[in-house]
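The structure appears below as structure tokens.
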Amino acid sequence: MALAALLLLLLAAAPAPAPAPAPARAPRAADARQEAAVRELLQRLLGPRAAAGFAVSVNRSLAAGGLDTYRLSSPPGAQERVRVAGSSGVAAAAGIYRYLRELCGCHVSWSGAQLRLPDPLPAVPGVISATSPNRYRYYQNVCTQSYSYVWWDWPRWEREIDWMALNGINLALAFTGQEAVWQRVYLSLGLNQSEIDEYVTGPAFLAWNRMGNLHTWAGPLPLSWNLKQLYLQYRILERMRSLGMIPVLPAFAGHVPRGVLRAFPRINVTRLGSWSNFDCTYSCAYLLDPGDPMFQVIGTLFLKELIREFGTDHVYNADTFNEMSPLSSDPAYLSGVSAAVFRSMTGADPDALWLMQGWLFQNQPDFWQPAQVRALLRGVPSGRMIVLDLFAESKPVYQRTESFYGQPFIWCMLHNFGGNHGLFGTVESINRGPFDARRFPNSSLVGTGLAPEGIEQNDMVYELMSELGWRQEPLDLQQWVANYAQRRYGARNAEAAGAWQLLLRSVYNCSGICVNHNHSPLVRRPSLRMATELWYNKSDVYEAWRLLLDAAAELGASPTFRYDLVDVTRQAAQQLVSEYYLEIKQAFQSRSLPELLTAGGVLLYDLLPELDALLASDPHFLLGRWLEQARATATSDKEAELYDLNARNQVTLWGPSGNILDYANKQLGGLVLDYYRVRWSLFVSALVESLNTGTPFHQEQFNQAVFQLERGFVYNGKRYPSQPAGDTLEIARKIFLKYYPHAMRRGRAGAA
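Numbering (full-length UniProt numbering), first residue to last: 1 to 752.
This is the structure we're talking about:
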């Protein structure tokens, strides 16, 4: 309390701050340290023997006009076969991955790596060089922290940072461990532990607590969590910085716990509205008035404490109005809010640069009219904010805001919501969009970015987007995907190549907005009004499925091939579930009980169990792995139960009463059988009972009954295998032989 009072007095007495100077170049690791970090990455990736074939140098003077550059060469007589020079560690790593892709036919992705190197290493023909057309290549979404990273340990983070470097990422969120700092700040302000516990959510929902959307739910957060995450953040930051990346730290957005009202009775706060079907028990954030002196006290205190703990690279994220309407549309109010947020940053770091997600502008376009957008953006000095045009591949905001009214922006591919499984992409838009943005009149584009809510899916799309961050013009997509398939599997195979061309023109070729692309009937609470429309011809997926199975004799030993076979079979099965759903619905509406029992029986007693067995055969599709990662984070049985509940609830009910039901759905072995199949079983039984008794089917009654099953799954504590079982090839072929004729018969009709 004394510290807060002192800061308040100092702020009240201080004159109004002068306009902040342009930010200094972010400090980074010395070139020699970055060289060493890249060599260490090479050893982790390739092993000591192969890594010895590379000579790495980092020299920031190579940057052309401040833009990252790499050069590859093989000087005659040199001891190392490949010489890599980069303007940063990230640039050098990106050059290495280009060499591995194009000259060695190798591949690195979330689902596996194919690293069969030629021996000796191929010489580089002449000099291969590239300069990124933009300053930044950004990665992450605030939501990724919860949908994907929440249970990660250091070995998993280490692999991710290696992947980031190889893909040229130089700007990324680094949010881990901030709750430990907030804990200290709130205690110093006079809050007690119970008030802090009441505010903070459980681990799986921290992303929305940090943005002010949610409080309390699935908590309280154990203090052991804070300590472990704090030490994990030290390692994350050290590794990112050693490679020349810029970690983006969190800043104060204006949301405060209810306990602040007790500690400071005269504080000026208002409550925002409820969020995403949550009532004020868990939402309706308290937002500090931007003119209240405590806004600067809390914001500056937090950032100073954060910098003292972690150091800084001068880039900070804060999102005040994520999916929440401001209290007023008055431009003066909105510019006052952004000015207050930025002033709290510069109070701790005069060189602060604010990185803000632009999701709010496309999420609530009716509110964010030109005057409101301009006011929020211009509350910050020009050039001191970077806006993430988060969903630019489908709904670019820069086009309707005159390039964010001059504030720099990053063209981002969002692609994934909730970490869902499902083959999907907008490759034509991705291939064209960043270049269109660069040519836009008075463009303020400064980078490209990957901003998925969840990762570890659709590897191809992310490799494509990462490569475009180094390109001066669009790629030939058909040729690119042919090369992709070859290096992913380590062999040229006509069937596999044909399968990928079919996938490229179908699931990966969404144009416009493809609604519910990862929310098929399989993973939704059943009803008689579910959409089954697709943006592609289903028979293309069925034919790609056949071709991959034909390729299995040659490629079946490849882990990445087996992963793709699971994923394409899963997509085919997902389509088949929709077909059987339509048969069930038609049989019910025509009052044909035999047809209803036949279609329902196939779905419940064969297709869904077979799909579950397939998913359980691959380590990337296991519910048990997700749950065991959560439990492994705990330091006691009580914590393990809390984390298990968090992990289960996020992928199912998403809230106490299905508030964001199935938003973060996953197709995982164990989840299909014990959650989705159970719901479908109750649905079919309810329809059968309706026909047998002549009574109407009532959706609301069904919803109440099925909620008890859904909630039971969240709390039942059942343990699931965290290691795969069964032969992927055998199971996939078994499903194919049973269902392919039916699939093609229905699929020829095209999109349903």
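Ideal placement from N, C-alpha and C gives every residue a C-beta, glycine not left out.
Under the three-state DSSP convention, the category residue i falls into
{"i": "Tyr508", "result": "coil"}
{"i": "residue 755", "result": "The chain is shown only over 1 to 752; residue 755 falls outside these bounds and no answer can be derived."}
{"i": "Ser57", "result": "strand"}
{"i": "Tyr536", "result": "coil"}
{"i": "Ile236", "result": "helix"}
{"i": "Tyr138", "result": "strand"}
{"i": "Ala16", "result": "Note on Ala16: pLDDT 32, under 50, position unreliable in the model; the coordinate value appears next. Three-state DSSP puts Ala16 in coil, outside helix and strand."}
{"i": "Val200", "result": "coil"}
{"i": "Thr448", "result": "strand"}
{"i": "Asp674", "result": "helix"}
{"i": "Gln708", "result": "helix"}
{"i": "Trp368", "result": "coil"}
{"i": "Arg156", "result": "helix"}
{"i": "Val256", "result": "strand"}
{"i": "Leu287", "result": "strand"}
{"i": "Arg524", "result": "coil"}
{"i": "Ile455", "result": "coil"}
{"i": "Tyr64", "result": "Residue identity differs from the one stated: residue 64 is Ala in this sequence, not Tyr. DSSP places Ala64 in strand when its eight states are reduced to three."}
{"i": "Tyr720", "result": "coil"}
Cβ shell of residue i (< 6 Å), same chain only, five flanking positions each side left out
{"i": "Val481", "result": "Trp500 and Leu504"}
{"i": "Val651", "result": "Ala664 and Lys666"}
{"i": "Phe342", "result": "Trp354 and Val380"}
{"i": "Pro619", "result": "Pro724"}
{"i": "Gln574", "result": "Ser520 and Leu522"}
{"i": "Thr131", "result": "Ala64, Leu67 and Thr69"}
{"i": "Lys738", "result": "none"}
{"i": "Cys514", "result": "Trp535"}
Residue i and residue j closer than 8 Å at C-beta
{"i": "Phe302", "j": "Val185", "result": "yes"}
{"i": "Val269", "j": "Tyr282", "result": "no"}
{"i": "Gly105", "j": "Gly498", "result": "no"}
{"i": "Ala461", "j": "Val507", "result": "The displayed chain sequence assigns Val, not Ala, to residue 461. Contact: no."}
{"i": "Ala318", "j": "Ala253", "result": "yes"}
{"i": "Leu596", "j": "Leu687", "result": "yes"}
{"i": "Pro250", "j": "Arg210", "result": "yes"}
{"i": "Val446", "j": "Ile386", "result": "yes"}
{"i": "Ile455", "j": "Trp110", "result": "yes"}
{"i": "Leu614", "j": "Val678", "result": "no"}
{"i": "Ala50", "j": "Leu117", "result": "yes"}
{"i": "Tyr139", "j": "Ile169", "result": "yes"}
{"i": "Ser57", "j": "Ala85", "result": "yes"}
{"i": "Val142", "j": "Gln457", "result": "no"}
{"i": "Arg81", "j": "Ala30", "result": "no"}
{"i": "Gly419", "j": "Ser657", "result": "no"}
{"i": "Ser382", "j": "Phe440", "result": "no"}
{"i": "Gly601", "j": "Ile584", "result": "no"}
{"i": "Gly422", "j": "His314", "result": "no"}
{"i": "Tyr676", "j": "Phe713", "result": "no"}
{"i": "Gly244", "j": "Gly89", "result": "yes"}
{"i": "Cys510", "j": "Gly425", "result": "yes"}
Own chain residues within Cβ distance below 7 Å of residue i, not counting five before or after
{"i": "Ala218", "result": "Thr201, Gly202, Ala204, Phe205, Leu645, Asn646 and Asn649"}
{"i": "Leu11", "result": "Reliability fails at Leu11, whose pLDDT of 34 lies under 50, so the model's placement of it is uncertain and no value is given."}
{"i": "Pro371", "result": "This sequence places Ala at residue 371; Pro is not what is there. Answer for Ala371: Pro331, listed in chain order."}
{"i": "Phe561", "result": "Tyr489 and Leu555"}
{"i": "Ala113", "result": "His107"}
Beta bridge counterpart(s) of residue i as assigned by DSSP
{"i": "Pro247", "result": "Ala172"}
{"i": "Thr426", "result": "Asn509"}
{"i": "Asn665", "result": "Bridge partners of Asn665: none, in fact."}
{"i": "Gly86", "result": "Val58 and Tyr70"}
{"i": "Gln357", "result": "Leu388"}
{"i": "Thr216", "result": "In DSSP, Thr216 forms no bridge with anything."}
{"i": "Gln114", "result": "His107"}
{"i": "Ile128", "result": "Leu72"}
Beta-carbon proximity list for residue i, same chain, < 8 Å, skipping 5 on both sides
{"i": "Leu214", "result": "Thr201, Phe205, Trp208, Trp275, Phe278, Tyr282 and Ser283"}
{"i": "Val127", "result": "Arg71, Leu72 and Ser73"}
{"i": "Asn442", "result": "Glu402, Ser403 and Gly406"}
Cutoff 8 Å: residue i Cβ touching any chain C Cβ
{"i": "Ala63", "result": "Among the chains in the structure shown there is no chain C, since it carries only a single protein chain."}
>> Contact between the stretch 389-401 and the stretch 625-643 is defined here as three or more beta-carbon pairs at a separation below 8 Å; is this criterion met?
In response: no
> Quick check: the stretch 703-712 against the stretch 676-692, are there 3 or more CB pairs under 8 Å?
Replying inline: At 8 Å Cβ cutoff, the stretches touch.
>> With three or more beta-carbon pairs closer than 8 Å as the criterion, would you say the stretch 564-579 touches the stretch 730-747?
In response: Taking 8 Å as the limit for Cβ pairs, the verdict is that the stretch 730-747 does touch the stretch 564-579.
>> Count Cβ pairs between the stretch 708-718 and the stretch 529-548 that sit closer than 8 Å; are there 3 or more?
In response: no
> Are the stretch 408-416 and the stretch 361-370 touching by the rule of at least three beta carbon pairs closer than 8 Å?
Replying inline: These segments do not touch.
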